[in-house]
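Under the working numbering, the sequence shown has 172 at position 191, and the numbering climbs by one with no breaks.
To start, the structure itself, in structure tokens.
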Amino acid sequence: MSELVENKNDSVSISKFYDGKSIFITGAAGFVGVVLLEILLRCCGGIKSIYILLREKKGVSPQERKEEIFNRSLFRQLRGEDRKVFDKVHVVAGDLSLTDMDMSRDDLKRVTEEVTIVFHCAASVSFFKPLQYLLLHNAGGVNNIISLCKKLKRCEVLVYTSTAYSNCNRKLKIEERVYRLPYEAQRFIDAVDNGKEELLQQIVSECQPLWPNHYSFSKCIAENLLIEKASDIPTAIIRPSLIGPIWKGALPGYIEENSSLSQLLIAISKGFLKVLPAHPKVCLDFIPADIVANAHVIAACRLATQSHPSPFVVNCSSHGSYEYRIGEHIHVITENSMKNTIPHIFRYSNKCWVDNHPVKTKLLSLFEHYIPAVGLDLMLLLQGKRPRLVSLYRFLDRVVKISTYFICNSWTYEVGNFWSLQRMVNNKEKEVFYTDIKTLDVWDYVGSFVSGAPFYDWKFDKKSKEERIKSSRRVYFYSVFIQVIVIFFLCWLLFKAFLLLAQSTFIC
């Protein structure tokens, strides 16, 4: 311990702390998990081994999924420097929602004997799944992780990835603590396990104020489980807000397709989303993925080397660092989309309306979304193909309706524990394990959003930038042409209806 701590300010060497450690990670295929894995491999060379829990998915085996992870652009630097570092990573085949995570006897033995640090980053992030499903995977997954930690011969720390929106039903300042529910968290899980849907709905309705979606509520229940069942385990809860692309790290601008910000970026940059029902002056709270991962790394070290009440809750939020409004964000995206045209665009991304007036947004949506969609679907029908644009926009409306709660509201967060993480890192490593978001140039950072798209989209496109610009112009003229034709057709129908009405009135 004395080798880790500097006398001046109790800062420590993070990399030395991880020397000789064996680590267990869930969710290593997700955005936070994969960034965390890359940082540990690149910056903590003394790590002994890392076990990642992966299940078979869509016919792809866990071992094949591991290879897919290391083939991502994020690991390009490590692949070029030393591929042997990947030998430290061992796949554990299993399923988080099952008892003992469905590990084999040999894997369970190795993990319980060697692992001392657990990062639980896995979660089912869905606003459409039923509550029962999310409780089974999110809260039930935490239950199984706690059980695993108690089986470890020596558990130094458990770090759980929650969300800043686990208590989004509250309008007051969100403190760095766990907000207790009126019932024990286990009671919700038991109701699901025993098929008691009426009881589940009853106790959920008594949790006031109600959460806007089942996902946020399931994460709150998971936090309560840690209070109830992991009091004997040093535990950190990291609550990131919207997770953005990597800021510094191995590949600045890197973002993955399953990120909520990347989905918004792609929808706007491709010209698919032209109307966003949100208040343009609401501040957008996003945090770079590498800062979130570094917060995990430092928090684990802090709990293992210093005494602190458990759970140690960290609101990983940009609150108080900058004011960046959603209207400004959409404007920057559209501006950069025209400068850095991305492939396979649907329409020209010169404008995206941001307004929270319900009537205005419905009219804009009709003109910008559904009229072009109807026109393109008619063209598909004439070509003998299945129309799909209108149904895609109906699905988009469902997504936007759920997202409206978050893009029309903002929250205030306590961030004392978050700021304290940077003070813990010694001066030599402050540029390696950084969490100080105050030094972030938000405009430069947001400008990198579109340029980060190649890491998962441009690899399928062989066109040059000039060819993409020409293609986008053609798409623009096609879109305008279709709008003109459809509007002309609608006007013709209205004119015919007016004539029929006039004739019937005259006859009468």
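For each residue, glycine too, the CB sits at the ideal point set by N, CA and C.
Helix, strand or coil at residue i [DSSP, three-state]
i: Trp473; result: helix
i: Ile468; result: helix
i: Thr315; result: helix
i: Gly225; result: strand
i: Asn239; result: coil
i: Leu245; result: helix
i: Phe253; result: coil
i: Arg220; result: strand
i: Val335; result: strand
i: Pro269; result: strand
i: Val(-7); result: strand
i: Val493; result: Because the chain in this structure spans residues -18 to 489, residue 493 falls outside the shown range and cannot be described.
i: Val123; result: helix
i: Asp425; result: helix
i: Met82; result: helix
i: Cys459; result: Just to set this straight, residue 459 is Tyr in the shown sequence, not Cys. Note: Tyr459 maps to helix in three-state DSSP.
i: Arg64; result: helix
i: Phe479; result: helix
i: Ala274; result: helix
i: Tyr114; result: helix
i: Ser291; result: coil
i: Ile492; result: Since the first residue of the chain shown is -18 and the last is 489, residue 492 is not available in this structure.
i: Cys201; result: helix
i: Asp213; result: coil
i: Ser535; result: No statement about residue 535 is possible, as the shown extent of the chain runs from -18 to 489 and does not include it.
i: Ala231; result: coil
i: Asp0; result: coil
i: Ala285; result: helix
i: Cys130; result: helix
In DSSP terms, what residue i is bridged to
i: Thr7; result: Leu34 and His101
i: Asp73; result: A quick correction: the sequence has Val, not Asp, at residue 73. Val73 pairs with Leu34.
i: Arg306; result: Cys264
i: Cys297; result: Pro221
i: Val41; result: Lys38
Option in the options with minimal Cα separation from residue i
i: Ser318; options: Glu309, Val406 and Tyr329; result: Tyr329
i: Thr93; options: Lys419, Ala280, Cys136 and Gln403; result: Cys136
i: His238; options: Tyr196, Arg53 and Arg455; result: Per the sequence shown, the amino acid found at residue 238 is Glu instead of His. Taking only the C-alpha atoms, the option nearest Glu238 is Arg53.
i: Trp424; options: Leu115, His71 and Tyr303; result: Tyr303
i: Phe198; options: Thr97, Ile224 and Tyr114; result: Tyr114
i: Ile227; options: Tyr235, Val263 and Pro221; result: Tyr235
i: Cys201; options: Glu62, His350, Arg151 and Gly27; result: Arg151
i: Lys132; options: Ser143, Arg161, Leu116 and Val96; result: Val96
i: Gly308; options: Phe327, Cys333 and Asn175; result: Cys333
i: Leu377; options: Ala120, Tyr351 and Leu421; result: Tyr351
i: Val13; options: Gln484, Arg379 and Thr144; result: Thr144
i: Tyr32; options: Glu178, Gly8, Glu165 and Gly225; result: Gly8
i: Asp358; options: Leu34, Arg369 and Glu349; result: Arg369
i: His312; options: Ile326, Asn331, Gly301 and Glu179; result: Asn331
i: Cys297; options: Phe399, Tyr374, Glu412 and His118; result: Phe399
i: Lys210; options: Ser222, Cys130 and His195; result: Cys130
i: Ser212; options: Leu89, Gln244 and Phe293; result: Phe293
i: Lys419; options: Gly397, Ile314 and Ser299; result: Ser299
i: Val256; options: Val380, Lys320 and Lys65; result: Val380
i: Ser241; options: Phe387, Cys472 and Ser(-6); result: Phe387
i: Phe414; options: Leu421, Leu21 and Ser186; result: Leu21
i: Pro258; options: Ala483, Glu412 and Lys343; result: Lys343
i: Lys320; options: Phe430, His260, Ala10 and His338; result: Phe430
i: Phe5; options: Tyr305, Ala166, Gly11 and Leu34; result: Leu34
i: Ser147; options: Gly230, Asn205 and Lys366; result: Asn205
i: Val289; options: Ala483, Gln484, Val263 and Val138; result: The amino acid at residue 289 is misidentified as Val; the sequence shows His. It is Val138 whose Cα lies nearest to the Cα of His289.
i: Val73; options: Ser384, Glu45, Gly61 and Arg60; result: Glu45
i: Val295; options: Tyr305, Ile314 and Asn275; result: Asn275
i: Val159; options: Met405, Leu207, Leu112 and Leu116; result: Leu207
i: Ser222; options: Thr142, Glu165, Leu181 and Val173; result: Thr142
Q. Hey, is the region 149 to 161 in contact with the region 378 to 393, meaning 3+ C-beta pairs nearer than 8 Å?
A. yes
(Q) Is it the case that the region 187 to 194 contacts the region 359 to 370, given that we only count it when at least three CB pairs across the two stretches are under 8 Å? (A) no
Q: Enumerate, from N- to C-terminal direction, the unbroken alpha helix (DSSP H) stretches of 4 or more residues contained entirely within the region 338 to 417.
A: 339 to 346, 352 to 363, 370 to 388 and 397 to 405
Q | Every unbroken alpha helix (DSSP H) within the region 136 to 196, with a cutoff of 4 residues, ordered by chain | A | 166 to 174 and 178 to 186
(Q) With three or more C-beta pairs closer than 8 Å as the rule, is the region 264 to 271 touching the region 56 to 76? (A) no
Q: State whether the region 206 to 219 contacts the region 250 to 260, with contact taken as three or more CB pairs (one from each stretch) at a distance under 8 Å.
A: no
**Q.** Segment contact flag, the region 276 to 288 with the region 242 to 249, C-beta cutoff 8 Å, min 3 pairs
**A.** no
(Q) Check whether the region 34 to 41 and the region -8 to 0 are in contact - that is, three or more C-beta pairs closer than 8 Å. (A) no
Q) Can we say the region 71 to 86 touches the region 122 to 129, given the rule of at least three CB pairs closer than 8 Å? A) yes
Q) With a cut-off of 8 Å, do at least 3 Cβ pairs link the region 21 to 37 to the region 283 to 294? A) no
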